[in-house]
Amino acid sequence: MLRPSLPTIDRVLPFLRRIDETRIYSNQGPLWTAFRDGFARWLGLRAGVRGVHVVPTSSGTTAIEVALRLRAAAGRHLCLMPSFTFIASAHAVCNAGLTPFLVDVDAESLVLTPVLAERAMRRMAMPPAAVLVVSAFGAPPDVEAWEAFEREHGVPVVFDAAAAATSLRRIGRQPLCVSLHATKVFGIGEGGAVITTDRDMAARIESMIGFGFSGSSRQSDLRGGNYRISEYTAAMGLAVLAEVDAKEAALRRLGRDYAGALAGSCARLQQPSGGDWATMTFNVTLPRAELQTRLDRLDAGGVGWRRWWGLGTHRHAAFADLPRDDLSVTDDIAPRVIGLPFLVDLTPAQLARVAACLA
1 MLRPSLPTID RVLPFLRRID ETRIYSNQGP LWTAFRDGFA RWLGLRAGVR GVHVVPTSSG
61 TTAIEVALRL RAAAGRHLCL MPSFTFIASA HAVCNAGLTP FLVDVDAESL VLTPVLAERA
121 MRRMAMPPAA VLVVSAFGAP PDVEAWEAFE REHGVPVVFD AAAAATSLRR IGRQPLCVSL
181 HATKVFGIGE GGAVITTDRD MAARIESMIG FGFSGSSRQS DLRGGNYRIS EYTAAMGLAV
241 LAEVDAKEAA LRRLGRDYAG ALAGSCARLQ QPSGGDWATM TFNVTLPRAE LQTRLDRLDA
301 GGVGWRRWWG LGTHRHAAFA DLPRDDLSVT DDIAPRVIGL PFLVDLTPAQ LARVAACLA
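Right, here's the structure in full:
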């Protein structure tokens, strides 16, 4: 289904030797700083934006948590978020002291849109503390539309852009929270980051991930925790920066090959198409009338498949009692969004086997 690929130990070794030399192993050391700054430059060049700030965190989940803790409106407790997402989104919202209010997604893009958020807000007694916008499987989020939403409604927006580190086309003040897990295109093993053009926000988040300390001060000015990555993880991050462009290009080529192989099949590709951005989890939507037949064909052909996000947050026992809006689209679409094998070394014959099952 998916085969993570990180730099070999030989590529990482030069950075590990720096750790031996400095004998600094954690606490936002020199490799952490180099990775933070290098990642920010890389993102800024790709998006054509100056003044991008990055705060590396222990995971994508903790990145969302600290961003929500900083941005959520005081005196409110609900956070609008789509039910159709990986379950980490709901855990992060709860860990930030908020209650998820589950809303539906658009059937074509598989994401919460400003229109859907506005519809849900009309049914709420008071505005939410925040909106958590989720990028579906690494697709570029519509940052511009959500900037307009926040200006109009005054509701803070945070992006769960977990798999979208390589597909960000616009970076602004609103925090973009990414995962750097090994299963992501920009994977460093385990980790995450908050991305923003707001220098003050980045400084506050950087303080929050280190017990609320600022600079060399041992005075805790903000409530936070220990959400840092070690120098060893930063070493992997620096090695990834040197190789990620080639990896991304290979995955985009595979996405285009998949799109071509599935042209004319019953499978509908996620929009925008996976060939336009890199992903590690290639998903298609199958027609309800064909669903079981096609899954049986995949099984019979020895082709793996997976519902990467399950059937929705509201279908998990831990979150079954959450408040929610109408979720009819989620209930309809979630069973039909199927992840297919997506490996850089997938052969043409293997791709043809997959396509034949969906023809």
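Letter 73 of the sequence shown, counting from 1, is numbered 73 in UniProt numbering, and no numbers are missing.
Beta carbons: idealized from backbone N, C-alpha and C, even for Gly.
Three-state secondary structure (DSSP) at T99? strand
With a threshold of 16 other CB atoms inside 10 Å of the CB of N226, please say whether the residue is buried or exposed. exposed
State the beta-bridge partners of C177 as determined by DSSP. D160 and V194
Starting from the Cα of I171, find the closest Cα among V194, G312 and L68 and give me that residue. V194
Say whether the region 327-345 touches the region 278-287, bearing in mind that this needs 3 or more beta-carbon pairs closer than 8 Å, one atom from each stretch. yes
Quickly, what does DSSP pair R268 with across the bridge? List them, please. T285
Compare the Cα-Cα distances from G212 to each of V185, R228 and T197 and report the closest residue. R228
Contained alpha helix (DSSP H) runs [length at least 4] in the region 288-334, N- to C-terminal order: 291-300 and 328-333
Take every Cβ of the region 239-259, pair it with every Cβ of the region 76-90, and state whether three or more of those distances are shorter than 8 Å. no
Proximal residues to S179 (C-beta, below 6 Å), its chain only, five neighbours per side dropped: G60, A162 and G192
Inter-residue spacing [alpha-carbon to alpha-carbon] between M121 and P156: 13 Å
From R223 to R11, what does the alpha carbon distance come to, in whole angstroms? 37 Å
Excluding the 5 residues flanking G29 on each side, which residues of the same chain have their C-beta closer than 6 Å to its C-beta? E231
Would you call the region 142-155 in contact with the region 194-210, where contact means no fewer than 3 C-beta pairs closer than 8 Å? no
Would you mind sorting L112 into buried or exposed? The rule is 16 or more other CB atoms within 10 Å of its CB. buried
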